[in-house]
Every structure is written in structure tokens, then in C-alpha cells.
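Throughout, my numbering is defined as the position within the sequence shown, counted from one, plus 131.
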Amino acid sequence: MKKKLILCLLLLSGVLYNSNVKANVRLPDLVASNMVLQRNTTITLWGWANPGEKFTITGSWLANPIRVSADKAGDWKINVSTTNSKQPQFIKIKGNKETISLDNILFGEVWLCSGQSNMEIPVNGYLGQPIYGAQEAIVNAMNDDIRLFTVSKQASLMVENTLAVHSTWQSADPQSIKEFSAVAYFFGKRLHDILNVPVGLIHSSWGGSLIEAWMSKEALNSVKNFDLNGVDLKRGNRFPTVLFNAMINPLIPYTIKGAIWYQGESNVGKAEEYKLLFKGMIKDWRARWGIGDFPFYYVQISPYKYSEQNRMEDTDNAAFLREAQVQCLDVIPNVGLAVTLDIGTENIIHPPNKKDVANRLLYNALHSTYGYKAIPFSGPTLDSVNVRNQGIYLSFQHAENGLYAFGKLEGFDIAGADKIFYPADASIYKGNQVFVKSSKVTEPVAVRYGFRSWTVATLFNTYLLPASSFRTDTWKDAKQVE
Numbered sequence: 132m133k134k135k136l137i138l139c140l141l142l143l144s145g146v147l148y149n150s151n152v153k154a155n156v157r158l159p160d161l162v163a164s165n166m167v168l169q170r171n172t173t174i175t176l177w178g179w180a181n182p183g184e185k186f187t188i189t190g191s192w193l194a195n196p197i198r199v200s201a202d203k204a205g206d207w208k209i210n211v212s213t214t215n216s217k218q219p220q221f222i223k224i225k226g227n228k229e230t231i232s233l234d235n236i237l238f239g240e241v242w243l244c245s246g247q248s249n250m251e252i253p254v255n256g257y258l259g260q261p262i263y264g265a266q267e268a269i270v271n272a273m274n275d276d277i278r279l280f281t282v283s284k285q286a287s288l289m290v291e292n293t294l295a296v297h298s299t300w301q302s303a304d305p306q307s308i309k310e311f312s313a314v315a316y317f318f319g320k321r322l323h324d325i326l327n328v329p330v331g332l333i334h335s336s337w338g339g340s341l342i343e344a345w346m347s348k349e350a351l352n353s354v355k356n357f358d359l360n361g362v363d364l365k366r367g368n369r370f371p372t373v374l375f376n377a378m379i380n381p382l383i384p385y386t387i388k389g390a391i392w393y394q395g396e397s398n399v400g401k402a403e404e405y406k407l408l409f410k411g412m413i414k415d416w417r418a419r420w421g422i423g424d425f426p427f428y429y430v431q432i433s434p435y436k437y438s439e440q441n442r443m444e445d446t447d448n449a450a451f452l453r454e455a456q457v458q459c460l461d462v463i464p465n466v467g468l469a470v471t472l473d474i475g476t477e478n479i480i481h482p483p484n485k486k487d488v489a490n491r492l493l494y495n496a497l498h499s500t501y502g503y504k505a506i507p508f509s510g511p512t513l514d515s516v517n518v519r520n521q522g523i524y525l526s527f528q529h530a531e532n533g534l535y536a537f538g539k540l541e542g543f544d545i546a547g548a549d550k551i552f553y554p555a556d557a558s559i560y561k562g563n564q565v566f567v568k569s570s571k572v573t574e575p576v577a578v579r580y581g582f583r584s585w586t587v588a589t590l591f592n593t594y595l596l597p598a599s600s601f602r603t604d605t606w607k608d609a610k611q612v613e
């Protein structure tokens, strides 16, 4: 009896061993039925198998099967060309024992959507915090050409190749969009409507997260030192690299068209550092994806009263972070900014108007990525400063048809060489300039506009796109008089 038991155990172990040796080809979480593959380009398929295992990949649009062999580590990766076809496609992967079938695949535009809570907040909103237009969006959501993939919140001290938790690819419908990122959905919905092609949205964000959490170890080390010894991952959104490890790296190298990003509130107070971090993060992501300098469009943080004083010299004055985000346009290639100075809310950090946020990201994408050069994409940006008549004249780019104010221009401050800013009178001059003056400053040298954490936008172009807060000085010790 004992010999029979030993023999059975040996046979069972042999079966398990053999089944492991001939294990099926494994795919990353994103590569699944109902996915959207970037159209008319070369995309990457990848996964794992037994070392040296050979298998074939057949695509409904491919003339011939592709023969693939896993390397000595069991990794495999191939490049495959896609088309502009709008018809559903399939992929079949035939391994040693079984065939993996991926069905209902679309070719379209694939965008990664990441950041913190203003990207995370769903169409359904948060408790007591609505999203404008949510009801209309939910009613009209039924669209199989828009596919959604959500990466659940997870953190890791180690670089991961797979997602611990995630959703499946879902078609847009009233139920699926309720819990999906509002900014991402509104962006994708309008992109689909304008281009008339399928759209795939990959949402990976976590409220309250620092930008450092979304950076790889290598990228962050090039900017600052950090130590993860003894960290508690229950607050994983606050620690360096842990969200890159768990929520970004497993998505690479799924071929995307570009990325949209809404983050920065958690880094207020460290504007100069943010420029270095943001540049380093984008450069690193692009290098890892290996598809060139893909488009990266980001949202400027909105006005919000971060402190009770709300003075321009506060150390946590968010205007400095907004300024840093503007300056990134000059140091990072192929990026664009959505200014939101007009949609902030004084005491709620999540503005409900996410449609305008998404639209302004979309204007950047249409103009710079999809070739619609006639589409305006930016509000007025400061071009030149001219001191005369005891005041300062400001000229702007992206105001070809002139400047506009819904009422009186407000939010302007002016200073002399003493670096003390006084509230100033401002008016539109000759349709395309702003003249700023104060009786308190007879020899002005500097102007600031909207340069507080909480401010109300008053300066627009005739497309009603707002100017960012700005300043003409570089002082670190300026003072403000009410």
C-alpha cells in the first residue's frame, strides 16, 4: 500500500511537472479581448512562456501567421503592423497545448490618462462633489467604439511586470463610465466624435499622489535622493517610485498614441523641483515605451485656496507651481498645456467643470498631434512688456483676434524697484494689449496677474480660452499690499 502511494505521488508530481513545462503562453493584462490597438502603426505584443517555447500568432488582418520563440528567460516580444480598418479583429495564439483567442479587438487611438485626484475623479463625482454634465454623459454613453481600461490603485516597492488588480476592457455604457475618470472619458468621447475612429483609454491615477510616486527609481535618482526603508504602503500614493512600479511599468510597452496628465496639487510649494521632476518623468516614460517623443498633454492646476491668507508671498502659493507648469512648455518637447485659471473653486480642490479641462487637452491634441492647425489651442500668453506713461503695456501671443474680458479686468498687481506689489487698474488697450497702472507706483518695473493660489480669471482671448497667471519678474522676496 505504501509503495502504491509513493508511486501515485511520483506520477502526480510528474504530471504537474510536465504541465508546467508545457504551460500556456501568458499575456500581460492589457493584451486581452475587447482591447483597442493603436491604428495604422507598428504595435508591440509581448508576454511570457517557457524558455525557448515556440508558438504562432495569427491576426485576422495579417496575411501570414507570425512565428515566435520565447528567449532563455521565458520572455517574448514582437512588433506587428496594424491598419486603419474599423472592423472588429481577432488574434489567436497557438502554443504547445492550447490556443488563446482574443476577440472583438479594435484599431483606434489609444491614450494613457494618469495623475492624481483631478484625473481620478469619475463621471459620477465624489461625495458632495458633482461633475458638470454627468447626467447627459451617462445618458449618451452607449458606444462600443470607446473602450475603457482602469488600473486599480496599487503600490509596490519592486518593479512589477503585471498588474495585481485591474478591470477588463469595457465598452462605454451608462454603467462603465460612471466610475471612470471624467477628464479621460470626456477627452476620449470628443476625440471619437471628431475623428470618427475607435478610442481606447487606459486610466491609471491615484488621488493625493506625489509626482515622485509616478517616477522610476532611475529617473528620480537623477533629480533627488530618496529612501524607501520602513515605508508603509497603506499610504502608497505618497512614496517615491511605488506607483510607477505597480501602475505604470506593467503597461509598458503597450503602444499608445500619447498621454494626458492632471497632477501637481500634491507638489505645491516645490515649484522649481517640480520642473525637474516632470521633465525627468516624461523623458523616462518615453524612453521606456520606445516609441519616440509621444505627445504628452497636461493640465495646469486650478485656483484653490491652499492657505487662509492666500497671499502671493506664501510659501505654498500655487501660482509658482502653475508658473513652473507653463515653463515646462519650453524645456520638454512635444507637450501641451491646458490652462484652467477660470474653472477653480475656492474651497474645493476638485473643480466640477471637467468638460472644459478635457476640451482644452483635446484642442492641444487636435492642433499638434492630429494636424488640425486651424484649431486654437491656447489662451493669451505674455509676449512683451513695455514700460511707459507711468504704467506697463503687455502684449500677448495667441490673441490674434484680440483680448476679451467678461467684465472688468482684475487680478493685476504692479510694483516698483522696491518689490512691493499694489493692486492695479488694468484695461484692454487697442484690442490686443493690456495697460496696467497704479497711482501707488509711479515708476513701475513689474506686473503680476492672478498670482495667488486662489484667483479669478478675467483675461481671455476671443475664443474664451484663459490666460495663465503670470509675472514679469523673477523675485523671490516680493511683498504684497492689499
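Heads up, the beta-carbon is just placed ideally off N, CA and C, and yes, glycines get one too.
Check, Outcome
"So, with DSSP's three-state summary, where would you put I379?", "helix"
"If I'm right that E240 touches S336 with Cβ under 8 Å, what's the distance once you round it to whole angstroms?", "Contact flag wrong, Cβ pair sits at about 19 Å."
"Given a threshold of 16 other Cβ atoms within 10 Å of its Cβ, counted over all protein chains shown, does A204 qualify as buried or as exposed?", "exposed"
"Reducing DSSP to helix, strand and coil, say where Q169 ends up.", "strand"
"In whole angstroms, what separates the C-alpha of L382 from that of Q285?", "13 Å"
"Does DSSP classify V330 as helix, strand or coil?", "strand"
"Less than 8 Å between C-beta atoms, sequence neighbours within five positions excluded: which residues of the same chain meet that for E574?", "Q521, G547 and A548"
"As an exercise, report each continuous alpha helix (DSSP H) stretch of at least 4 residues that is fully enclosed by the stretch 437-467, in chain order.", "449-458"
"Would you mind reading off the limits of the alpha helix (DSSP H) that contains L351?", "K348 to N352"
"At 3 residues or longer, and completely inside the stretch 209-264: list those beta strand (DSSP E) runs for me, N to C.", "220-225 and 230-246"
"Look at the alpha carbon of G538 and the alpha carbon of S569, and state the distance between them as a whole number of angstroms.", "19 Å"
"At which residues does the alpha helix (DSSP H) containing D699 begin and terminate?", "With the chain represented from 132 up to 613, any question about residue 699 goes unanswered, as that position is not in the structure."
"Any Cβ of chain B within less than 9 Å of the Cβ of T386?", "Absent from the structure is chain B; it holds one protein chain and no more."
"Would you call the stretch 485-505 and the stretch 317-333 touching, i.e. three or more CB-CB distances under 8 Å?", "yes"
"Per DSSP, what kind of secondary structure is S283 in: helix, strand or coil?", "coil"
"Rounded to whole angstroms, what's the CA-CA distance from N360 to P371? Just pull it up for me.", "11 Å"
"Measure the CB-CB distance between V462 and T603 and report whether it falls below 9 Å.", "no"
"Looking at C-beta atoms only, is the number of pairs between the stretch 259-267 and the stretch 480-490 that lie closer than 8 Å three or more?", "yes"
"For V362, which option in M166, L288, C459 and P253 has the closest C-alpha, if you only look at C-alpha atoms?", "L288"
"Find the nearest neighbour of D424 within the set S558, A390 and Q456, judged by alpha-carbon distance.", "A390"
"Terminal residues of the continuous beta strand (DSSP E) containing A302?", "The sequence shown places Ser at residue 302, not Ala. Counting along the chain, the beta strand (DSSP E) containing S302 begins and ends at Q301 to A303."
"Below 8 Å CB to CB, which residues in the same chain sit around F591 once its five sequence neighbours on both sides are set aside?", "D473, G510, P511, L534, Y535, A536, F537, P597 and A598"
"Less than 9 Å between the C-beta atoms of A450 and T586, yes or no?", "yes"
"What does the alpha-carbon distance come out to for the pair D234 and E343?", "37 Å"
"Within the same chain, show all residues whose beta-carbon is closer than 8 Å to that of I387, passing over the 5 residues directly before and after it, in chain order.", "Q169, V241, W242, L243, I333, W420, I422 and F425"
"Mind checking which residues open and close the beta strand (DSSP E) that includes D544?", "F543 to A546"
"Hey, could you find the ends of the beta strand (DSSP E) I188 is sitting in?", "K185 to G190"
"Any idea what DSSP makes of V152, helix, strand or coil?", "Interpretation of V152 is limited by its pLDDT of 40, a score under 50 that renders its predicted location unreliable; no figure is taken from the coordinates."
"Could you give the distance in angstroms between the alpha-carbon of V518 and the alpha-carbon of S600?", "20 Å"
"Roughly how many whole angstroms lie between the Cα atoms of R491 and N195?", "43 Å"
"Identify whether D415 lies in helix, strand or coil by the three-state DSSP scheme.", "helix"
"Between which two residues does the beta strand (DSSP E) containing Y435 stretch?", "It is not in any beta strand (DSSP E) - Y435 carries neither H nor E in the DSSP assignment."
"For K93 and L595, what's the separation of their Cα atoms in angstroms?", "In the structure displayed, the chain extends from 132 to 613; residue 93 sits before or after that span and is not available."
"Express the C-alpha separation of Y553 and A609 in angstroms, rounding to a whole number.", "11 Å"
"Less than 8 Å between C-beta atoms, sequence neighbours within five positions excluded: which residues of the same chain meet that for T214?", "R170, N171, W192 and F238"
"Measuring CB atoms only, is the stretch 294-307 touching the stretch 265-277, in the sense that at least three cross pairs come out at less than 8 Å?", "yes"
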